[in-house]
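Chemist: Residue numbers (the working numbering), protein chains in the order written: chain A, 236 to 535; chain B, 121 to 355.
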Ligand SMILES: Nc1ncnc2c1ncn2[C@@H]1O[C@H](COP(=O)(O)OP(=O)(O)O)[C@@H](O)[C@H]1O
Ligand SMILES: [Mg+2]
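Dropping the structure here:
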């Protein structure tokens, strides 16, 4: 039982990171009906931005709350700018082109980022700065609450609440919802659709930036291909929840994290990554629109 | 001078020449109907005016060249539309839909007045303020689409087939609203397949056939025109 609880904490912490990244996939899909394959590399760049910020400021070995905040901000800013640039220069010129063109472009941008990062940063893994002392905050029997897990959960919850506030309450959030349903009508009512799309990339990319710092804290090795597997899992999480659906991405991410943790704990770690593909296949067969998605089958 | 002057308007969808150089105008305070069969280019005309499709030709609204104004800014110049198929935001409440109508406006007090006005005009909406727009009936959605357009505080209201798919009783209500709005000074461009109702409601009307305006005149004259009677009124 205590085992089970411990794995639940670990799984939720992992799952909330998947959720943060899945939100970026799902928001961009909601607004442009495209899979932004470069999203996982925006995430990777976020980790490197935090890495170099820490190095320049000399705070690689000074864990604490202020380091966390500084690195989160640097990563979010870098990811936002990159997301903006990708949308502006790679996707926007293709807005009216067939969907396949933009999909292939997204894959191209992804490869470009991965391999130019290998040249720029080197292919070898780097050790991520220490953000929080990895000690145990509290113990209940055999169940440990680690500071890193609490931080991950706390930061994720704050980020998701902020996102929810932006989408539900702010003007730009309402505009995002309007554009995702009917861009034509939104623009007729005075919504600048390009601005809304840019802001969607900013928000989605910032969340990926947050995710990258949290992952760096939990598994402190970063490299230019670090986005591939986690990006794929987050993408599956978004599909599982129902792509385009914000709550779906959160739910999908948490389910993904929990099931991965339990599979590794009770079966074998061999299946850690196979699980994602298994879930993807099952969803595509039995519920292509995802758990919370509209029941109509989307054309990609 | 007319409120909206359209001159030699052309629209292409790829190889399809959807509007072949049409010209028309709308004077302040008028209801002008644009009637025509399915596929004639009525929606395309409204889309061109709203800037939602690329077009060539002149479109002058109150002395301003609409072609120079991006789509999302035209609302500031007095243009609002209730689009084909209503286009309400189904996952937003009635109230949020109405708020979206005032998206570009900053005159908070006047917005509040217009909001109250819309709800007196459409009491059905007032009862359903918190309901998701997607759960409204077709008629209620049409009312919401018109109310949302009114929240833009337009100088000219574009209505794309507001009667489509509605029961006769609701259609009559919608046309009553059109009459009321016009009597209070609203200029309206009404696009309809329901030619009889549209011609009755209109001061003037134009007949659109496959991208070309073939007839124009007073609503009452067109109602008695033999071609119109044969092609559009089924008599
Ligand atoms: N998005 C589009 N792409 C290609 N052709 C279109 C598109 N929209 C309309 N058309 C064509 O343009 C013509 C006019 O359509 P439309 O303006 O919708 O007519 P109406 O509103 O009078 O029924 C039709 O032949 C229609 O098939
Ligand atoms: Mg039409």
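By construction, the Cβ of each residue, glycine as well, lies at the ideal position given by its N, Cα and C atoms. Fair warning: this is a prediction, and the values are worked out from it, not measured in the lab.
Starting from residue 273 of chain A and walking both ways along the alpha helix (DSSP H), at which residues does that stretch end?
Modeler: Note, residue 273 of chain A: premise wrong, no alpha helix (DSSP H); not H, not E.
Chemist: Against chain B, does residue 486 of chain A count as a neighbour if the rule is that its beta carbon must be under 7 Å from one of theirs?
Modeler: False, the Cβ-Cβ gap to chain B never drops below 7 Å.
Chemist: Regarding residue 204 of chain B and ligand 2, is the C-beta to nearest heavy atom distance less than 6 Å?
Modeler: Correct: residue 204 of chain B has its Cβ closer than 6 Å to ligand 2.
Chemist: Below 8 Å on the Cβ atoms is my contact criterion, and I expect residue 325 of chain B with residue 155 of chain B to pass it. Report the Cβ-Cβ distance as a whole number of Å.
Modeler: The pair is a contact, with the Cβ atoms about 6 Å apart (cut-off 8 Å).
Chemist: Would you call residue 238 of chain A buried or exposed, if buried means 16 or more other Cβ atoms sit within 10 Å of its Cβ?
Modeler: Exposed is the call here.
Chemist: Reducing DSSP to helix, strand and coil, say where residue 258 of chain B ends up.
Modeler: Of the three classes helix, strand and coil, the one that applies to residue 258 of chain B here is helix, per DSSP.
Chemist: Would you say residue 192 of chain B faces chain A, with C-beta separation under 7 Å as the test?
Modeler: Residue 192 of chain B counts as touching chain A.
Chemist: Put residue 133 of chain B into one of helix, strand or coil per three-state DSSP.
Modeler: Reduced to three states, the DSSP call for residue 133 of chain B is strand.
Chemist: Whole-angstrom Cβ separation of residue 383 of chain A and residue 367 of chain A, contact assumed at under 8 Å?
Modeler: So it is a contact: roughly 6 Å between Cβ atoms.
Chemist: Just the chain A side, please: which residues come within less than 8 Å of residue 172 of chain B by C-beta, in chain order?
Modeler: Going along chain A in sequence order, the residues near residue 172 of chain B (Cβ under 8 Å) are 419, 422 and 423.
Chemist: For residue 424 of chain A, count neighbouring C-beta atoms within 10 Å of its own C-beta (all shown protein chains included) and say buried if the count is 16 or more, exposed if not.
Modeler: Burial call: buried.
Chemist: Less than 7 Å between the beta carbons of residue 217 of chain B and residue 268 of chain B, yes or no?
Modeler: A contact, by the Cβ cut-off of 7 Å.
Chemist: On a Cα-Cα basis, can you pick out the residue from A:248, A:249, A:252 and A:262 that is closest to residue 434 of chain A?
Modeler: Measuring from the Cα of residue 434 of chain A, the nearest candidate turns out to be A:262.
Chemist: Between A:337, A:462 and A:507, which has its C-alpha nearest residue 267 of chain A's C-alpha?
Modeler: Taking only the C-alpha atoms, the option nearest residue 267 of chain A is A:337.
Chemist: Beta carbon of residue 331 of chain A: closer than 6 Å to some heavy atom of ligand 1?
Modeler: Residue 331 of chain A Cβ: outside cutoff for every heavy atom of ligand 1.
Chemist: Beta-carbon separation of residue 127 of chain B and residue 161 of chain B under 7 Å?
Modeler: No, the Cβ-Cβ distance between residue 127 of chain B and residue 161 of chain B is not below 7 Å.
Chemist: Is any beta-carbon of chain A found at less than 7 Å from that of residue 230 of chain B?
Modeler: No, its Cβ sits nowhere closer than 7 Å to a Cβ of chain A.
Chemist: Is any non-hydrogen atom of ligand 3 found closer than 6 Å to the C-beta of residue 333 of chain B, if you look at the structure I gave you?
Modeler: By its list of ligands, the structure shown excludes ligand 3, since it contains just ligand 1 and ligand 2.
Chemist: How about residue 202 of chain B: is its C-beta nearer than 7 Å to some C-beta of chain A?
Modeler: False, the Cβ-Cβ gap to chain A never drops below 7 Å.
Chemist: Whole beta strand (DSSP E) runs in the stretch 208-286 of chain B with 3 or more residues, listed along the chain?
Modeler: Segments of the beta strand (DSSP E) lying fully in the stretch 208-286 of chain B: 276-280.
Chemist: Quick one: measure Cβ to Cβ for residue 292 of chain A and residue 305 of chain A, integer angstroms, because I've assumed they're closer than 8 Å.
Modeler: Right, the Cβ-Cβ distance comes to about 7 Å (below 8 Å), so this counts as a contact.
Chemist: Given residue 310 of chain B, which residues of its chain have a CB within under 8 Å of its CB, disregarding the five upstream and five downstream residues?
Modeler: Same-chain partners within the cutoff: 151, 152, 153, 154, 279, 282, 298, 318, 321 and 322.
Chemist: Got a sec? Which residues, its chain only, sit under 7 Å from residue 379 of chain A by beta carbon, not counting five neighbours each side?
Modeler: Excluding residues within five positions, the ones whose Cβ falls inside 7 Å are 241 and 371.
Chemist: For residue 207 of chain B and chain A, any beta-carbon pair shorter than 7 Å?
Modeler: True, the Cβ-Cβ gap to chain A drops below 7 Å.
Chemist: Within the 7 Å Cβ cut-off, does residue 220 of chain B reach chain A?
Modeler: Chain A contact via Cβ: present.
Chemist: Have a look at the DSSP bridge pairing and note the partners of residue 379 of chain A.
Modeler: Residue 379 of chain A is bridged to A:374.
Chemist: How would you write the range of the alpha helix (DSSP H) that residue 338 of chain B sits in, first residue to last?
Modeler: It is not in any alpha helix (DSSP H) - residue 338 of chain B instead sits in the beta strand (DSSP E) that spans 332-338.
Chemist: Using DSSP's beta-bridge definition, name the partner residues of residue 184 of chain B.
Modeler: Partner(s): B:181.
Chemist: Does the Cβ of residue 162 of chain B lie closer than 6 Å to at least one heavy atom of ligand 1?
Modeler: Yes.
Chemist: At a cut of 8 Å, does the stretch 327-347 of chain A reach the stretch 269-278 of chain A through at least three beta carbon pairs?
Modeler: Judged by Cβ distances under 8 Å, the stretch 327-347 of chain A makes contact with the stretch 269-278 of chain A, as three or more pairs qualify.
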